[in-house]
Every structure is written in C-alpha cells, then in structure tokens.
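**Student:**
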Amino acid sequence: MKQYDTVELKDGRTGVIVEVFDDGYMIDVGSSPKDWDTIFVKNDEIKGLV
Numbered sequence: 384m385k386q387y388d389t390v391e392l393k394d395g396r397t398g399v400i401v402e403v404f405d406d407g408y409m410i411d412v413g414s415s416p417k418d419w420d421t422i423f424v425k426n427d428e429i430k431g432l433v
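Under our numbering, the first residue of the sequence shown carries the number 384, and numbering increases by one thereafter.
#1: Am I right that Val433 and Glu391 are in contact with their C-beta atoms under 8 Å? What's the rounded C-beta distance?
#2: In whole angstroms, what is the alpha-carbon distance linking Lys430 and Thr389?
#3: Going by C-alpha distance, which of Gly398, Asp394, Lys393, Tyr387 is nearest Gly413?
#4: Would you call Tyr387 buried or exposed, if buried means 16 or more other Cβ atoms sit within 10 Å of its Cβ?
#5: Cα-Cα, which of Asp405, Arg396, Lys425 is closest to Trp419?
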C-alpha cells in the first residue's frame, strides 16, 4: 500500500493513507470535517484496499 490509497480497516472504517512508515500507516478517517481524525494503524488492522 502507498500514500493516498483508500483502505478499509478491520473495524469497518474507511480511510486514506497519508503517511507510510516501516511499522504502519497514518490514516485519515471520517466522513466530513466535523469527524475527521488522523490515526496510526499497523498492517494487521487493515482489511484491504477499497
């Protein structure tokens, strides 16, 4: 996976990868500016590409 890919997380949320690290990704999740959040997730928390 690479920067700006859209992914589905195992918890059901969808997000966009904004930064790639050796041990995981920073992902923007949320549906609007009111609930956007940037979170760190590891590979095993990602279900797959959307």
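We put the CB at the ideal spot given by N, CA and C, even for glycine. From a predicted model like this one, the values you see are computed outputs, not experimental measurements.
**Tutor:** Per the coordinate set shown:
#1: Here the question's residue 433 lines up with position 50 in the sequence shown. Here the question's residue 391 lines up with position 8 in the sequence shown. Sure, about 5 Å apart at Cβ, within 8 Å.
#2: The count along the sequence shown starts at 1 and reaches residue 430 at position 47. The count along the sequence shown starts at 1 and reaches residue 389 at position 6. One C-alpha to the other measures close to 11 Å.
#3: What you label residue 413 is simply residue 30 of the sequence shown in a count that begins at 1. Minimum Cα distance to Gly413 is reached at Gly398.
#4: Position 4 of the sequence shown holds residue 387. By the 16-neighbour rule on beta-carbons within 10 angstroms, Tyr387 is exposed.
#5: Taking the sequence shown and counting its residues from 1, one reaches residue 419 at position 36. That would be Arg396, whose Cα lies nearest to the Cα of Trp419.
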